[in-house]
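Below: one structure, written as structure tokens.
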Amino acid sequence: MSAPGGRFTHRGYDDMEQRKRHDGFERWAAGATARQAGRDDARWRVFRAPEQADFHGFVVWCYTQGVFLGQEFDRRTDTVTHCYVRNGAWAVQFDSFSEACERAFDIHAPTLILYAPERNGSVFITSTEQ
């Protein structure tokens, strides 16, 4: 396929170009399928963890929905229940990793435990998927 001196002949070059175009189309088709599935099915979506913390301590973050675990008071039953909040400042902030893990196991959702030593500082992912 190659001529002396390492250059491709016309036929070899055409085969390479054709293969490259075909591989590119397959990658594009696979991406389009994943994008379409992501529109229809929430299980395909994964949100990025926040890079800067607006919370202090440990929080539970649901990465498939991009929300934090929060609390709300139910006036009818006079109990505190969990809810999901978009802002990390409104999330339940735990003092220890074990407390955050217990709440993460209770909600039965794919979660990560995030840790920030200070507000407006870096965020560290301290656990794998629950």
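Under my numbering, the first residue of the sequence shown is numbered 1120, with each subsequent residue one higher. Yeah, the Cβ is synthetic: ideal placement off N, Cα and C, and Gly gets one too.
Q.
I'd like the list of long-range same chain contacts for Cys1181, defined as Cβ closer than 6 Å, with 5 residues on each side in sequence excluded.
A. In the sequence shown, counting from the first residue as 1, residue 1181 sits at position 62. Ala1228 and Thr1230, listed in sequence order.
Q | Beta-ladder partner(s) of Phe1243, from DSSP | A | As a position in the sequence shown, residue 1243 is number 124, starting the count at 1. Answer by DSSP bridge pairing, in chain order: Tyr1234.
Q: From the DSSP output, in three-state form, read off Gly1252 for me.
A: In the structure displayed, the chain extends from 1120 to 1249; residue 1252 sits before or after that span and is not available.
Q. Secondary structure at Pro1229, three-state DSSP: helix, strand or coil?
A. Taking the sequence shown and counting its residues from 1, the one referred to as residue 1229 is at position 110. Coil.
Q. Where does Phe1192 sit, in a helix, a strand or coil, going by DSSP?
A. Taking the first residue of the sequence shown as 1, we reach residue 1192 at position 73. Reduced to three states, the DSSP call for Phe1192 is strand.
Q) Tell me the DSSP bridge mates of Gln1198? A) In the sequence shown, counting from the first residue as 1, residue 1198 sits at position 79. Residue identity differs from the one stated: residue 1198 is Thr in this sequence, not Gln. Per DSSP, Asp1193.
Q: Can you have a look at Asp1159 and say buried or exposed, based on whether 16 or more other CB atoms are within 10 angstroms of its CB?
A: Counting from one through the sequence shown, the residue named residue 1159 turns up at place 40. Here Asp1159 scores only 48 on pLDDT, less than 50, and its place in the model should not be relied on; the value that follows carries that caveat. Exposed, by the Cβ-count rule.
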